[in-house]
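One structure is given here, and the rest of the page talks about it.
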Amino acid sequence: MRALPCLFLLLLLQEDDVDPEEVVAVLHESTYLPLEIPSDEEVEDIIWSSRKRLATVVPEKEGHPATITVTDPHYQGRVSFLRPSYSLHISNLSWEDSGLYQAQVNLGTSQIFATRHYNLRVYHPRYPSENPSTAFCLLAKVLLLLLLLVILAVGIWITRVWKRGKMPRMKKLRRNRMKLRKKRTPGPSPI
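In case it helps, mature numbering (1 follows the signal peptide of the UniProt record, and there is no 0) puts the sequence shown at residues -20 to -1, 1 to 171.
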């Protein structure tokens, strides 16, 4: 039981970077997320992840080749791992590739050696200041406002129909002014 708090403390101390490293790349081009592993450490595996687990890399050992398993179909055929550190290389970047990435290096002693964090930002070369997440956010706000206006209009319409149903219907009286004038008898003239 004493080992659990010690292991937790070790994990906290080994966390090498809390702030993600900013990586900026061009849409439809390629980029790589660098990873440095000391050569004197025996690495069990490296787990790359983004929104979910992206790939697992088991480095080559004693004549056995490295085993690379890409688990996210979005990256299938677009990722490779540069030796000897197995840095992540992503080709044909899309807007969906933007976001946070993490590399977790596990040692052979089943301890986490290091966890590296990256923030990948993909931009279009013609519009470097354009941020796709900002444009999407603005579009979402406009659509939400439009939806609220439609709901308000439907609510007002339903309220008016409901009130009309509750009130007894009254016939509007129409006066035929021509008939009233004809029936009127001429009175004495004030002059």
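We put the CB at the ideal spot given by N, CA and C, even for glycine.
Neighbourhood of residue i by C-beta distance below 6 Å, restricted to the same chain and skipping five residues each side
i   : result
N98 : The residue you asked about is not Asn; residue 98 is Tyr in the sequence shown. Hits under 6 Å: P(-1), E1, V3, L13, Y81.
H54 : none
R33 : T51
G57 : none
S71 : S10, R58
Contacts around residue i, its chain only, beta-carbon distance under 7 Å, and the 5 residues preceding and following it disregarded
i           : result
P5          : Sequence check: residue 5 is Ala here, not Pro. Excluding residues within five positions, the ones whose Cβ falls inside 7 Å are T11, L73, L100, V102.
residue 198 : Residue numbering for the chain in the displayed model covers -20 to 171; residue 198 lies beyond these limits and cannot be assessed.
I17         : V23, S65, V85
Beta-carbon spacing of residue i, residue j below 8 Å
i   : j   : result
V85 : H69 : no
L87 : E40 : no
T47 : A35 : no
V37 : F61 : yes
R96 : L15 : yes
Candidates the options: closest to residue i by CA position
i   : options        : result
P45 : P64, H104, P53 : P64
E9  : V134, G43, D77 : D77
Neighbourhood of residue i by C-beta, 8 Å cutoff - its chain only, sequence neighbours within 5 removed
i    : result
K143 : none
I136 : none
Would the stretch 23 to 32 and the stretch 113 to 128 be scored as touching if the rule is three or more Cβ pairs under 8 Å? no
Counting only runs of 3+ residues fully inside the stretch 10 to 73, write out the beta strand (DSSP E) ranges in chain order. 11 to 13, 23 to 29, 33 to 38, 47 to 50, 59 to 62, 67 to 70
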